[in-house]
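Report on the following structure.
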Amino acid sequence: MKPLPSTHTHPRSLKQHKKSDDATFRIALAGNPNTGKSTLFNALTGLRQHTGNWPGKTVIHAEGTYSYNGNSYTVIDLPGTYSLFSNSADEEVARDCIIYEKPDVTVVVLDATAMERNMNLALQVLEMADRVVLCINLIDEAKKKGIHINEKRLSKQLGVPVVKTSARNREGLSHLQKVIKEMAYGKINTNPYRIRYSDELEEKISAIEETVLSTFGDRLPSRWVALRLLDGDQSLIDSLQHRIELRRKEVGAHGTDEPLYPVEA
Amino acid sequence: MSQSHIIPLTEGLPGQTIRIHHLTLEGTMRRRLLDLGFVPGSDVTVLQRSPLGDPVAFRVIHTTIALRKEESSQIYGELIGSEKNETTT
Numbered sequence: 001m002k003p004l005p006s007t008h009t010h011p012r013s014l015k016q017h018k019k020s021d022d023a024t025f026r027i028a029l030a031g032n033p034n035t036g037k038s039t040l041f042n043a044l045t046g047l048r049q050h051t052g053n054w055p056g057k058t059v060i061h062a063e064g065t066y067s068y069n070g071n072s073y074t075v076i077d078l079p080g081t082y083s084l085f086s087n088s089a090d091e092e093v094a095r096d097c098i099i100y101e102k103p104d105v106t107v108v109v110l111d112a113t114a115m116e117r118n119m120n121l122a123l124q125v126l127e128m129a130d131r132v133v134l135c136i137n138l139i140d141e142a143k144k145k146g147i148h149i150n151e152k153r154l155s156k157q158l159g160v161p162v163v164k165t166s167a168r169n170r171e172g173l174s175h176l177q178k179v180i181k182e183m184a185y186g187k188i189n190t191n192p193y194r195i196r197y198s199d200e201l202e203e204k205i206s207a208i209e210e211t212v213l214s215t216f217g218d219r220l221p222s223r224w225v226a227l228r229l230l231d232g233d234q235s236l237i238d239s240l241q242h243r244i245e246l247r248r249k250e251v252g253a254h255g256t257d258e259p260l261y262p263v264e265a
Numbered sequence: 001m002s003q004s005h006i007i008p009l010t011e012g013l014p015g016q017t018i019r020i021h022h023l024t025l026e027g028t029m030r031r032r033l034l035d036l037g038f039v040p041g042s043d044v045t046v047l048q049r050s051p052l053g054d055p056v057a058f059r060v061i062h063t064t065i066a067l068r069k070e071e072s073s074q075i076y077g078e079l080i081g082s083e084k085n086e087t088t089t
């Protein structure tokens with residue numbers, strides 16, 4: 001399996017060069033349950049809301065803001081999930097945010113003591129977005145357990161920056177903020193690891209991807225959408241159809257004839 | 001390794017560890033179980049049965065997950081040991 005070169009460019013990445021010095025950015029936090037995602041959210045934004053440990057705690061995503069070096073950042077705390085293949089409302093919320101809202105940076109928070117389990121979601125996000133930072137949290141716990149994580153090697157293999165943190169102790173937070181800023185300004189080139197499938201599958205993916213591109217342009221991660229369609233992901237199909245319909249109504253009402261694309265629900 | 005010892009998770013006793021060989025589930029439930037860590041090659045330890053015998057708690061990649069017979073009977077693997085030579089975390 002070889003990483004594929006990035007197959008699509010986001011319109012935002014072109015705009016990024018024009019970002020002014022005091023621009024506002026949107027940052028999404030994704031991650032498994034119990035990775036300290038909400039603790040990181042609170043540490044970044046100074047909010048004290050909803051730290052607790054029960055499933056579905058963060059169903060409707062919470063937003064907070066912080067300033068760093070003259071920029072304002074809106075942080076979206078997505079529900080903790082093991083996957084984004086929409087087995088639940090939580091996963092749909094997280095998925096829709098990443099593919100439709102396209103945050104300037106998506107931070108995947110991983111539990112340093114359970115990397116194997118956490119990589120499932122991380123690899124999914126790498127297939128959905130280009131501007132991704134992996135934040136390996138709970139690094140203090142890992143140290144206690146004698147787990148060493150080679151973040152440079154991980155970063156090289158996955159094609160995105162990897163930052164180690166202990167949100168609880170505010171360890172690594174300023175480094176994380178620095179990396180987020182650089183990525184938001186388009187100063188970090190990423191090459192997210194994307195699984196290469198068999199030739200037969202890749203052929204089908206390309207064929208579907210073409211249709212996806214002609215329907216949605218580069219507003220959606222076309223390769224990822226093609227993969228999900230090939231997998232028969234009914235939840236995504238419904239969500240895409242819903243957005244197409246909304247768009248049709250809007251076009252009908254305002255008489256614009258821009259190319260079809262999903263709009264916010 | 002021979003495949004003669006492949007058993008469904010439902011036949012595992014508390015303390016035993018089973019290495020997953022394959023799943024016969026399809027669709028969303030298959031995807032869900034894969035996401036939770038029930039992937040071929042993964043080691044699953046049977047933790048305990050609930051009072052009525054169903055569901056059963058399993059430990060897979062450092063997380064405890066309870067499954068009903070409906071699902072666990074469709075996950076097959078090879079018995080690779082019991083608690084004595086396993087360190088529980």
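The listed protein sequences correspond, in order, to chains E and V.
In terms of UniProt numbering, the first sequence opens at residue 1 and continues consecutively.
In terms of UniProt numbering, the second sequence opens at residue 1 and continues consecutively.
Heads up, the beta-carbon is just placed ideally off N, CA and C, and yes, glycines get one too.
Residue closest to residue i, alpha-carbon to alpha-carbon, out of the options
i: S20 (chain E); options: E:D130, E:L227 and E:N69; result: E:N69
i: Q16 (chain V); options: V:D43, V:P55, V:K69 and V:P51; result: V:D43
i: R59 (chain V); options: V:T45, V:L33, V:R68 and V:T28; result: V:T45
i: H62 (chain V); options: V:M29, V:L13, V:L36 and V:V56; result: V:L36
i: H22 (chain V); options: V:R32, V:P14, V:L13 and V:V39; result: V:V39
i: L123 (chain E); options: E:V105, E:G172 and E:S83; result: E:S83
i: V162 (chain E); options: E:N71, E:R168, E:T39 and E:L176; result: E:L176
i: R117 (chain E); options: V:L33, V:E71 and V:L25; result: V:L33
i: S67 (chain E); options: E:K178, E:Y197, E:L78 and E:E92; result: E:K178
i: N71 (chain E); options: E:I195, E:E182, E:R196 and E:R194; result: E:E182
i: R170 (chain E); options: E:R26, E:G46 and E:A30; result: E:G46
i: S100 (chain E); options: E:K249, E:G252, E:R243 and E:R248; result: Residue identity differs from the one stated: residue 100 (chain E) is Tyr in this sequence, not Ser. Nearest of E:K249, E:G252, E:R243 and E:R248 to Y100 (chain E), Cα basis: E:R243.
i: V212 (chain E); options: E:F25, E:N191 and E:Q241; result: E:Q241
i: L158 (chain E); options: E:V75, E:T24, E:S239 and E:N189; result: E:N189
i: I74 (chain E); options: E:G217, E:T39 and E:T24; result: Residue 74 (chain E) is actually Thr in this sequence, not Ile. Among E:G217, E:T39 and E:T24, the Cα nearest to that of T74 (chain E) belongs to E:T24.
Residue-level contact to chain E via CB, residue i, 8 Å cutoff
i: V28 (chain V); result: For clarity, residue 28 (chain V) is Thr in the given sequence; the question names Val instead. Closer than 8 Å: yes.
i: I80 (chain V); result: no
i: T63 (chain V); result: yes
i: G37 (chain V); result: yes
i: R31 (chain V); result: yes
Residue i in three-state terms, based on DSSP
i: I195 (chain E); result: coil
i: I188 (chain E); result: coil
i: S222 (chain E); result: helix
i: T45 (chain E); result: helix
i: E250 (chain E); result: helix
i: N169 (chain E); result: helix
i: S155 (chain E); result: helix
i: S20 (chain E); result: coil
i: I27 (chain E); result: strand
i: T35 (chain E); result: coil
i: D231 (chain E); result: coil
i: K164 (chain E); result: strand
i: L240 (chain E); result: helix
i: G64 (chain E); result: strand
i: L134 (chain E); result: strand
i: G217 (chain E); result: helix
i: S82 (chain V); result: strand
Cutoff 8 Å: residue i Cβ touching any chain V Cβ
i: residue 268 (chain E); result: In the structure displayed, chain E extends from 1 to 265; residue 268 (chain E) sits before or after that span and is not available.
i: N137 (chain E); result: no
i: A114 (chain E); result: yes
i: S83 (chain E); result: yes
i: N87 (chain E); result: yes
i: N120 (chain E); result: yes
i: Q16 (chain E); result: Confidence at Q16 (chain E) is low in this model, with a pLDDT of 46, below 50, so the placement of that residue should be treated as unreliable; the coordinate-derived value is given next. Not an interface residue.
Contact test: residue i Cβ vs the ligand COA heavy atom, cutoff 7 Å
i: V60 (chain V); result: Only the bare structure without any ligand can be found here, which leaves the ligand COA out of the picture.
Rounded distance between the beta-carbons of residue j and residue i, thought under 8 Å
i: N150 (chain E); j: L110 (chain E); result: The Cβ separation is near 14 Å, so there is no contact.
i: R19 (chain V); j: E78 (chain V); result: 5 Å
i: C135 (chain E); j: T165 (chain E); result: 6 Å
i: R223 (chain E); j: I205 (chain E); result: 7 Å
i: P14 (chain V); j: R68 (chain V); result: Not quite, the Cβ-Cβ distance comes to about 17 Å (not below 8 Å), so this is no contact.
i: I75 (chain V); j: P8 (chain V); result: 7 Å
i: T10 (chain V); j: S72 (chain V); result: 5 Å
i: V108 (chain E); j: G31 (chain E); result: 6 Å
CB contact check: residue i to chain A, cutoff 8 Å
i: Y197 (chain E); result: Given the protein chain composition of this structure (E and V), no chain A is represented.
Item to check | Any beta strand (DSSP E) of 3 or more consecutive residues that is wholly inside the UniProt domain "Ferrous iron transporter FeoA-like" (7-79) of chain V | outcome: Taking only runs of at least 3 residues, the beta strand (DSSP E) segments lying wholly in the UniProt domain "Ferrous iron transporter FeoA-like" (7-79) of chain V are 16-23, 43-49, 56-60 and 63-67.
Complete runs of the alpha helix (DSSP H) confined to the segment 74-128 of chain E [at least 4 residues]: Qualifying alpha helix (DSSP H) stretches, in chain order: 89-96 and 115-128.
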